[in-house]
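Visitor: Questions regarding the structure given below will be posed in turn.
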Ligand SMILES: C[S@@+](CC[C@H](N)C(=O)[O-])C[C@H]1O[C@@H](n2cnc3c(N)ncnc32)[C@H](O)[C@@H]1O
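Here you go:
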């Protein structure tokens, strides 16, 4: 089988030495000609994985209720259009359900939509799906192009697609986990040179009396940190908020979460570069640390199940069942999949930030 991307990455390694997992992910996901997002039909039954908005319309509607609540609070004291920005909008299903909810109560002229999408194929699907709304929609190459106005950022399963670096403790020292070639010219993991800067992690653990285990892996995603910084700075300067939903962990260490999916199952991440989806769990603690010190409101990281329940997903499901009783079983199964701890309810986390003048209703009603 001809695998041009494999040859491109191998040629890079042969000429310059082993590469980081981040560099490998960059090649595999975003290569302009052979990258996964450039070429593959990733999401949906025919793709490699399914996302929450594709499981039930109720997911996007609850995100819509979150946005509507905060937009209404803003419109009480500001008379200007509100920007809704989705980063990594997939097939446009989430934004469709958000707009269906928000535009029932807010005039179209008050909403501007901005989408940031790396995949030309998905961009076309988004255009088609969202043509149902008579609302201003623009696609941006990156967040720098976003006008400096009140904005709500939404990202579902975007941060997990961003490249990570892994660091490995061999019992004595730390090095970066790299991808090189074995004697059969196949990709293999290996350890890069000793990284003295990471020895601080050992000292930190020693001081806390925590065990130092050979084989410990730490993950870091500088690009995720930059996105979060950008989002938080925009909210601080221009107002609005952000809702980040993804699978990941709120505290502690990750271990090795670098993974690949194809046809709805896990596969070897070093096989078939550009043909399989590569992701890593999101370190919400690291995202939160990017927000510290900013003059914005940060709320406790929630589990997806808690968030959706608080915004009324079960009540909404009951309404849908009443309208379509034959679909009761499917509707309820979809909600269970989104909310149950054993399914997506616990692994997926929700991070919310807002400008200080407003507050999501689920936190005000707790006071
Ligand atoms: C897992 S999908 C999630 C799609 C959608 N949010 C949903 O919930 O169905 C990841 C999305 O992020 C996009 N994406 C991945 N990396 C990106 C990048 N570096 N810049 C912009 N979009 C990116 C993908 O093309 C895709 O639309």
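Numbering (this note's numbering), first residue to last: 6 to 372. Think of the CB as a built atom: it goes at the ideal place given N, C-alpha and C, for glycine as much as any other residue.
For residue 205 and residue 169, what's the separation of their Cα atoms in angstroms?
Guide: Answer to the nearest angstrom: the Cα atoms are 20 Å apart.
Visitor: Tell me where the beta strand (DSSP E) around residue 346 begins and ends.
Guide: Element bounds for residue 346: n/a, residue is neither H nor E.
Visitor: Does residue 335 come out as helix, strand or coil in the three-state DSSP assignment?
Guide: DSSP places residue 335 in helix when its eight states are reduced to three.
Visitor: Going by the DSSP bridge assignment, what does residue 65 pair with across the sheet?
Guide: DSSP, once it has assigned bridges, lists no residue as partnering residue 65.
Visitor: Please work out which residues of its chain come closer than 7 Å, Cβ to Cβ, to residue 305, disregarding the five sequence neighbours upstream and downstream, and give them in chain order.
Guide: Around residue 305: no qualifying Cβ.
Visitor: If you run the structure through DSSP and keep just helix, strand and coil, what is residue 42?
Guide: Residue state, collapsed to three classes: helix.
Visitor: Could you check whether residue 173 and residue 249 sit closer than 8 Å to each other, using their CB atoms as the reference points?
Guide: No, the Cβ-Cβ distance between residue 249 and residue 173 is not below 8 Å.
Visitor: Does the beta-carbon distance from residue 86 to residue 117 come in below 8 Å?
Guide: It is a contact, given that the beta carbons lie within the stated cut-off.
Visitor: To the nearest angstrom, how far is the alpha carbon of residue 20 from that of residue 43?
Guide: Near 26 Å, if we compare the C-alpha coordinates of residue 43 and residue 20.
Visitor: Please return the same chain residues whose Cβ sits closer than 7 Å to the Cβ of residue 27, not counting the five positions on each side in sequence.
Guide: Correct list, in chain order: 168, 169 and 170.
Visitor: With hydrogens ignored, establish whether the beta-carbon of residue 23 is closer than 7 Å to any heavy atom of ligand 1.
Guide: Answer for residue 23: no, Cβ out of range of ligand 1.
Visitor: Pop quiz: residue 103 and residue 89 are said to be a contact at Cβ under 8 Å. What is the actual Cβ separation, rounded to whole angstroms?
Guide: 7 Å between Cβ atoms; contact.
Visitor: Less than 8 Å separating the beta-carbons of residue 292 and residue 356?
Guide: Taking 8 Å as the Cβ cut-off, residue 292 and residue 356 qualify as a contacting pair.
Visitor: Would you kindly check if the distance between the Cβ of residue 350 and the Cβ of residue 308 is under 8 Å?
Guide: The answer is yes: Cβ separation under 8 Å.
Visitor: With a Cβ-Cβ cutoff of 8 Å, do residue 59 and residue 159 count as a contact?
Guide: Contact: no.
Visitor: Quick one, are the C-beta atoms of residue 279 and residue 41 less than 8 Å apart?
Guide: Result yes, Cβ atoms of residue 279 and residue 41 sit closer than 8 Å.
Visitor: CA-CA distance, residue 240 and residue 364?
Guide: Rounded to the nearest angstrom, the two C-alpha atoms are 13 Å apart.
Visitor: Helix or strand or just coil, what does DSSP make of residue 199?
Guide: Residue state, collapsed to three classes: strand.
Visitor: Quick check: does the Cβ of residue 27 come within less than 7 Å of any heavy atom belonging to ligand 1?
Guide: It does not: the Cβ of residue 27 is nowhere closer than 7 Å to a heavy atom of ligand 1.
Visitor: Helix or strand or just coil, what does DSSP make of residue 415?
Guide: The structure shown does not extend to residue 415, since the chain spans only 6 to 372, so no value can be given for it.
Visitor: Kindly indicate which three-state DSSP category residue 237 falls into: helix, strand or coil?
Guide: Reduced to three states, the DSSP call for residue 237 is helix.
Visitor: Mapping DSSP to helix, strand and coil, what is residue 254?
Guide: Three-state DSSP puts residue 254 in a strand.
Visitor: Find out if the Cβ-Cβ distance for the pair residue 255, residue 290 is shorter than 8 Å.
Guide: Yes, the Cβ-Cβ distance between residue 255 and residue 290 is below 8 Å.
Visitor: Sort 226, 106 and 193 by Cα distance to residue 163 and report the nearest one.
Guide: Looking at the Cα atoms, 226 is the closest of the given residues.
Visitor: Bridge partners of residue 24, per DSSP?
Guide: 184, per the DSSP bridge assignment.
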